[in-house]
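Per my numbering, the sequence shown starts with residue -1, numbered consecutively.
Quick reminder that beta carbons are idealized off the backbone N, C-alpha and C, glycines included.
In this text the structure is predicted, and so the values were computed from the model without any measurement.
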Amino acid sequence: MESQSQGGVDCFLFSVYSMDMYLPTIGLEIHAELKTRTKMFCTSANDPDETRPNVNTCPVCMAHPGTLPVINHDAVRHILRIGSAIKATLANFSEFDRKSYFYPDIPKGYQISQYMHPLVTGGELSGVAITRVHLEEDTARSIHTTGKSLVDFNRAGIPLMELVTEPVIRDAETAGHFARELQLLLRTLGASEANLEKGEMRIEANISVSNKEGFFGTKVEVKNLNSFRSVERAIAFEIERQIVLIEEGGEVAQETRGWDEVKQTTFHQRFKEGSADYRYFPEPDLPKVFLSERREFSPETIQASLPELPWERRARYAHTYSLQESDAVYLCAVPERAVFFDAVAAALGGNVKLVSLATNYIVSDLAGIYAKRGNEEYTALDPVAFARLIQLISTNDLSSRGAKDTLRILVEHGGDPEIIAKERGLTQMRDTETLRRVVESVLAEETKAVNEYRTGKEAALQYLLGKSIKATKGAGNPAILKELIVKEINHKK
Ligand SMILES: [Zn+2]
């Protein structure tokens, strides 16, 4: 960078060196659509799966004059539960504010949000300090087609969580990890489906770099992050872009940038000239919220309503079943998966050895089956039947091949694993008398190999075992067969 004549390696080293001289600062702003029956301030349905436009609307969310909003208690409760889970301070007093701006997707000319008195302040998730969590209403959805713009008001007024982190994140991986943990928490609490690709969870990152000589960079906002990977890649890209720009003597502009998934770069969207004047003021049409006066919103009641949280569950798995951390993380990454695992473990009586075997089958074979099917439906698979399958494997009644086939059938059609295995000839033959007869006939035919084994050729034993397994069509228990072969040969000496 310093000189074009320098070799590529020198340039690279210089680049790495200067990267180290800078300290990135990242803060996240995350919105999530809350799961409620009705919208934030009216009785229109909150149905994210509705595909027909402008079906779930009413005079309130269409901003007709003279209508009055009413606070949705379930939405307030969701935010308080999120706050309680992240060990934040739940407000005693809260209120809603008007945030004024003009846009076709905000028909009132203002959005009802929270400014001075958010429901939740402070807290921490995955090692990242949280500034606040507040409640607001979603905007309508603008659809731009050639020559015209359309607005769908189904989304207008859907309760929306906004969570803001402190600007304490230093790298892209931490930001991505935080966002994944938040998604898992929201799903565990039943607060939001939080699918990024559906827009149910929207992530914005504020990124700046400073250096050790006291230089503070300008904050750039990056939007359009539709996957966790794009969150990580956009942040990493933006950090490098800003450092290179500063190193080359340029200046970082205060702007909003988008993420181009195809080019894998951020791009300019609009300049931010100072902070926008939203002319916040308390919403006069809504009552103040005195949370401390409502028993159902007291910190104790809210805390008592929380389910086992993802990090608590991971710790329990590691402690109770001595699971590897990566396995515990995998099991807890989808709430339904963890519920399934708990039911399997219970059906196995909590036996650590069997639970460990079950874990292996869940993280490898079952995960493989679901990956192939493209869905992970635990409702179809009975945990008790799965536990029975694990017991059959542990007692060698099923070969690993037979277990895989039985599991596939269980996932697709359900049923009793023992009956499935028997019907399809997948059980291992363990009846010694039957197996002895098989071995006897194999040895009678393979006299050459028998003699080779007698002269000390170990490979001959493997050959005879292979022949015997084949004679049982793969159902013979290999350990028993091996024992029988050796016994028979020694016996006939
Ligand atoms: Zn409505």
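Take L187, set aside five residues on each side of it, and the residues of its chain with a beta-carbon closer than 6 Å to its own are R79, in chain order.
Residue pairing from DSSP places H29 in a beta bridge opposite E160 and R200. Between A170 and Q181, the beta carbon gap of about 17 Å keeps them out of contact (Cβ cut-off 8 Å). Here the distance from the Cβ of K402 to the nearest heavy atom of ligand 1 is not below 7 Å.
Rounded to whole angstroms, the gap between the alpha carbons of S397 and F339 is 22 Å.
For I388, no pairing in a beta bridge is given by DSSP. Residue environment for T55: buried (at least 16 other C-beta atoms within 10 angstroms of its C-beta).
With contact defined as three or more Cβ pairs closer than 8 Å, the stretch 160 to 178 and the stretch 56 to 65 are not in contact. For T87, the pairing in a beta bridge is given by DSSP as T119.
Excluding its 5 nearest sequence neighbours in each direction, D414 has C-beta neighbours in its own chain below 8 Å: A383 and R386, listed in chain order. Of the candidates S82, T41 and I84, the residue whose Cα lies closest to the Cα of P67 is T41.
One Cα belongs to E230, the other to T216, and the distance between them is close to 20 Å. Here L21 carries a strand assignment [DSSP, helix/strand/coil]. Within the same chain, and ignoring the five residues on either side of C330 in sequence, the residues whose Cβ sits closer than 8 Å to its Cβ are L182, P308, R311, R312, Y315 and A336.
For the options I205, E294 and L194, the alpha carbon positioned closest to that of L26 is the one of I205. The beta carbon of E450 sits closer than 6 Å to the beta carbons of A458 from its chain, once the five residues preceding and following it are set aside; these are given in chain order. Taking a contact as a CB-CB distance under 8 Å, the pair G474 and V448 does not count as one, their CB atoms being some 18 Å apart.
In this chain, the alpha helix (DSSP H) harbouring K446 covers T445 to R452.
As the crow flies, the alpha-carbon of S228 is around 11 Å from that of L194. Cβ neighbours of F91 within its own chain (closer than 8 Å, five residues either side excluded): H115, K286, V287, F288, L289 and S290. Secondary structure of A43 (DSSP, three-state): strand. If you check the CB distance, T137 and D103 come in under 8 Å.
The set of residues whose C-beta lies within less than 5 Å of a heavy atom of ligand 1 reads, in chain order, C40, S42, C56, V58 and C59. Look at E323 here: in three-state DSSP terms it is helix.
Straight-line measurement puts the Cα of E245 at about 10 Å from the Cα of M17.
One alpha carbon belongs to L21, the other to S208, and they sit about 5 Å apart. Around the CB of D325, 16 or more other CB atoms lie within 10 Å, so the residue is classed as buried.
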